[in-house]
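Before any comments, here is the structure.
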DNA sequence: CTGAAAGCGCTTACAG
DNA sequence: CTGAAAGCGCTTACAG
């Protein structure tokens, strides 16, 4: 038999209400009784049933995480960040991979059953409509890193900022003939990233010809094929920005096969900072998406919404950073040494 | 106001008990009333509150997943497998990273509060004692891939089998002078794997000298250092088995720096089949640990325990498989062609 | 086949 | 400062 609040009350010679007060650290309890009750709880190892507490309070202390696939390369880092902030307030993350058809239905019924207090939707490709319905019914929902097609509160990477950083680094390395491999054009972030990249290049002496920008599907093979297209078109480039690390890995393979040295002849910068970036050869310099921070920001936003806060009208945008590894030349950042390895032409505009 | 079972009962003109019967698909309900109630539930979009159901039934339909770190490279695959089998029975996975000190306490109190019906403990390094306590108190616990130091029900990789497969493949490739980099010796699996590797080599003409076996800490850098030790000792080897993909990646780096071609001069086989294995150069041939299957098996075992089944005395052992990529030579498996690239000496014993 | 009642284990006004 | 009672929304014997 499980120890219940009634048992503790009996043993302490008080009512359940008083035990409940002690449990919830209410101030209006006589110190002596408080002590006594607490002692008994400690002795018996009493822990209140979460079911009962949840039912009585009408909440769960759990967040539903909706994701197409648990094996998404950056999901672990994102959840790590989310879990960290959730744990501090005693919340738990409940996993709901909805990749296959049945996943969504199960998730939806759990949501309707109020199994969780809020929903963290990671890249909800085709379920935004349904999520909006849930949201309208009052279930707090936060979307991570999706296009802003929906009106749902969201947290996203600043892809334009990422593009700018990539450009900046290539300029610092003195690379002026640039090429870019983008992700699928239907994804909003792709245009943003390309725009940021292009903008930073303006008035620098660097060039990114339209013919040197090609699209790929996000996979390693896609990146390989895209890089081969660039190489076969005999387009000269000494700097390549790839909007996705998996594609960048494929591009490295194509460059290697073509006999182009990296970073000597071509400097390569990826995007995402997936775990794989540390294992390519050379290791991949890349624009880091702040995955744990995204998760943390989403978690906090969700907690705010659960707490009754109004949804922000604009997506929360998080800046990127650059992780320098082996596919770009080491550039000394000491003033005056910047252009050491540069071509001699002015690579840097005044900012 | 949330629709409750009382609302449905009123609308249908029946008692709550009858609605509950319909809800739980009990056979003893008049088809007509059953129809009517179901219709009303559909119209109102009624979904029973999970809190109330859980409290009344004394269960949760959630499993607690205890893990040191969410970012463990193979965790995603493992959870994918577990989630798949859990979802079919309507169970949910609740994440509990307990890496930092506070993690365990939160987890333990959740467990005590019966927030979940069972515990899936992934590599519970230093919490086995506490888990055993929980287990003794009647909480179903299944451990994944830990040393069998504890008496807890567990599911684990057959590392000896993995070692054998690695040996087999190197023999098929005609490699006879072998070396091995193991993980930390205090991990039980390390000895098992080495034993399997050694056993398969017996009576084959292949040699694995004691001096050619070295230990590393599991990291890329550790593998790099270990491979360098082997190289500097001027020990000749044409086949290298590394008990861990991250270490194998480090070994590849060391071999490359030393100018040894892979797989030409040295064939390399890793262990785990982490995502990174597809991104090294050359891509890494490796002994695959069946992560999703491990997760699935653990989930099923846990469900059995929750269902009241007795705990198996022996760990459930799952076999490995070999994933051939670029660090070992392609070996035609057509009879008679096996030794094409072999040295000419008998590499294969009769099995 | 169906209903009234008690119970799951808490919390929360309302009195005192 | 404390207790009796009602309520959270279900399920489950027990009657009929």
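Residue numbers (the working numbering), protein chains in the order written: chain S, 1 to 351; chain Y, 1001 to 1351.
Glycine included, C-beta positions come from ideal geometry on N, C-alpha and C.
These numbers were taken from a predicted model, which means no experiment stands behind them.
Residue i CB to nearest chain S CB: under 9 Å?
i, result
"residue 1222 of chain Y", "no"
"residue 1073 of chain Y", "yes"
"residue 1256 of chain Y", "yes"
"residue 1048 of chain Y", "yes"
"residue 1002 of chain Y", "yes"
"residue 1053 of chain Y", "yes"
"residue 1102 of chain Y", "yes"
"residue 1114 of chain Y", "yes"
"residue 1062 of chain Y", "yes"
"residue 1194 of chain Y", "no"
"residue 1045 of chain Y", "yes"
"residue 1118 of chain Y", "no"
"residue 1005 of chain Y", "no"
"residue 1249 of chain Y", "yes"
Under a CB-based cut-off of 9 Å, is residue i close to chain Y?
i, result
"residue 11 of chain S", "no"
"residue 96 of chain S", "yes"
"residue 110 of chain S", "yes"
"residue 92 of chain S", "yes"
"residue 252 of chain S", "yes"
"residue 20 of chain S", "no"
"residue 297 of chain S", "no"
"residue 8 of chain S", "no"
"residue 16 of chain S", "no"
"residue 161 of chain S", "no"
"residue 216 of chain S", "no"
"residue 106 of chain S", "yes"
The beta strand (DSSP E) spanning residue i covers which residue range?
i, result
"residue 1116 of chain Y", "Taken as a continuous stretch (DSSP letters only), residue 1116 of chain Y belongs to no beta strand (DSSP E), as it is neither H nor E."
"residue 1265 of chain Y", "It is not in any beta strand (DSSP E) - residue 1265 of chain Y carries neither H nor E in the DSSP assignment."
"residue 162 of chain S", "Segment 159 to 172 is the alpha helix (DSSP H) holding residue 162 of chain S; no beta strand (DSSP E) there."
"residue 1095 of chain Y", "1092 to 1097"
"residue 318 of chain S", "316 to 318"
"residue 210 of chain S", "207 to 215"
"residue 311 of chain S", "Residue 311 of chain S -> no beta strand (DSSP E), and no H or E assigned at all."
"residue 1254 of chain Y", "Note, residue 1254 of chain Y: premise wrong, no beta strand (DSSP E); alpha helix (DSSP H) at 1245 to 1257."
"residue 1013 of chain Y", "Per DSSP, residue 1013 of chain Y belongs to no beta strand (DSSP E) and is neither H nor E."
"residue 1223 of chain Y", "First-last for residue 1223 of chain Y: 1220 to 1232, but that is the alpha helix (DSSP H), not the beta strand (DSSP E)."
"residue 1064 of chain Y", "1062 to 1067"
"residue 393 of chain S", "With chain S represented from 1 up to 351, any question about residue 393 of chain S goes unanswered, as that position is not in the structure."
"residue 322 of chain S", "321 to 323"
"residue 1242 of chain Y", "1239 to 1242"
In the DSSP assignment, find the unbroken alpha helix (DSSP H) run with residue i in it and report its ends.
i, result
"residue 197 of chain S", "188 to 201"
"residue 1143 of chain Y", "Element bounds for residue 1143 of chain Y: not the alpha helix (DSSP H) but the beta strand (DSSP E), 1141 to 1144."
"residue 37 of chain S", "31 to 44"
"residue 82 of chain S", "75 to 88"
"residue 179 of chain S", "Not the alpha helix (DSSP H): residue 179 of chain S falls in the beta strand (DSSP E), residues 177 to 182."
"residue 1056 of chain Y", "1050 to 1057"
"residue 1133 of chain Y", "1128 to 1136"
Is residue i near the ligand GDP, in the sense that its beta carbon is under 8 Å from a heavy atom of that ligand?
i, result
"residue 1296 of chain Y", "Summarising the ligand content, the structure contains no ligands, and the ligand GDP is consequently not present."
For residue i and residue j, which I take to be in contact (beta-carbon distance under 8 Å), what is that distance rounded to the nearest angstrom?
i, j, result
"residue 267 of chain S", "residue 175 of chain S", "5 Å"
"residue 269 of chain S", "residue 166 of chain S", "5 Å"
"residue 223 of chain S", "residue 191 of chain S", "Their Cβ separation, rounded to whole angstroms, is 19 Å, which puts residue 223 of chain S and residue 191 of chain S out of contact at 8 Å."
"residue 1108 of chain Y", "residue 1123 of chain Y", "No, residue 1108 of chain Y and residue 1123 of chain Y are not in contact; Cβ-Cβ is about 17 Å, not under 8 Å."
**Request:** Return the residues of the stretch 266 to 290 of chain S that lie within a Cβ-Cβ distance of less than 7 Å from chain Y, sorted by chain order.
**Result:** Within the stretch 266 to 290 of chain S, the residues whose Cβ lies closer than 7 Å to some Cβ of chain Y are 275, 276, 279, 280, 281, listed in chain order.
**Request:** Give, in chain order, every residue of the stretch 1124 to 1148 of chain Y whose Cβ lies closer than 8 Å to some Cβ of chain S.
**Result:** Under the 8 Å Cβ criterion, the stretch 1124 to 1148 of chain Y contributes no residue.
**Asked** Is the stretch 89 to 96 of chain S touching the stretch 1030 to 1039 of chain Y in the sense that three or more CB pairs, one from each, lie closer than 8 Å?
**Response** The stretch 1030 to 1039 of chain Y vs the stretch 89 to 96 of chain S: no contact.
**Message:** Under 8 Å: do the stretch 75 to 82 of chain S and the stretch 50 to 57 of chain S share three or more Cβ pairs, one atom per stretch?
**Reply:** Touching, no, given that fewer than three Cβ pairs across the two stretches are closer than 8 Å.
**Item:** Touching by the beta-carbon criterion (3+ pairs, under 8 Å), the stretch 226 to 234 of chain S and the stretch 166 to 177 of chain S
**Value:** Flag = no, the stretch 226 to 234 of chain S and the stretch 166 to 177 of chain S do not touch.
**Contact between the stretch 1081 to 1094 of chain Y and the stretch 1284 to 1295 of chain Y (3+ Cβ pairs under 8 Å)** = Flag = yes, the stretch 1081 to 1094 of chain Y and the stretch 1284 to 1295 of chain Y touch.
**Prompt:** Can you find at least 3 beta carbon pairs, one from the stretch 235 to 245 of chain S and one from the stretch 178 to 185 of chain S, that sit closer than 8 Å?
**Reply:** Result yes; three or more Cβ-Cβ pairs closer than 8 Å.
**Request:** Count the C-beta pairs between the stretch 1307 to 1327 of chain Y and the stretch 1108 to 1128 of chain Y that are closer than 8 Å, then say yes if the count reaches three, no if not.
**Result:** With the rule of 3 Cβ pairs closer than 8 Å, the stretch 1307 to 1327 of chain Y does not count as touching the stretch 1108 to 1128 of chain Y.
**Asked** Of all the residues that make up the stretch 1074 to 1089 of chain Y, which are near chain S by a beta-carbon distance shorter than 7 Å?
**Response** Within the stretch 1074 to 1089 of chain Y, those residues whose Cβ lies closer than 7 Å to any Cβ of chain S are, in chain order, 1075, 1076, 1077, 1079, 1080, 1083, 1087.
**Asked** Would you say the stretch 1274 to 1293 of chain Y touches the stretch 1060 to 1072 of chain Y, given that touching needs at least three Cβ pairs under 8 Å?
**Response** No: the two stretches stay apart, fewer than three of their Cβ pairs being nearer than 8 Å.
**Prompt:** Between the stretch 1315 to 1333 of chain Y and the stretch 1251 to 1265 of chain Y, do three or more beta carbon pairs fall short of 8 Å?
**Reply:** With the rule of 3 Cβ pairs closer than 8 Å, the stretch 1315 to 1333 of chain Y counts as touching the stretch 1251 to 1265 of chain Y.
**Against chain S: residues of the stretch 1301 to 1319 of chain Y by CB proximity under 8 Å** = Contacts with chain S (Cβ-Cβ distance below 8 Å) from the stretch 1301 to 1319 of chain Y involve no residue at all.
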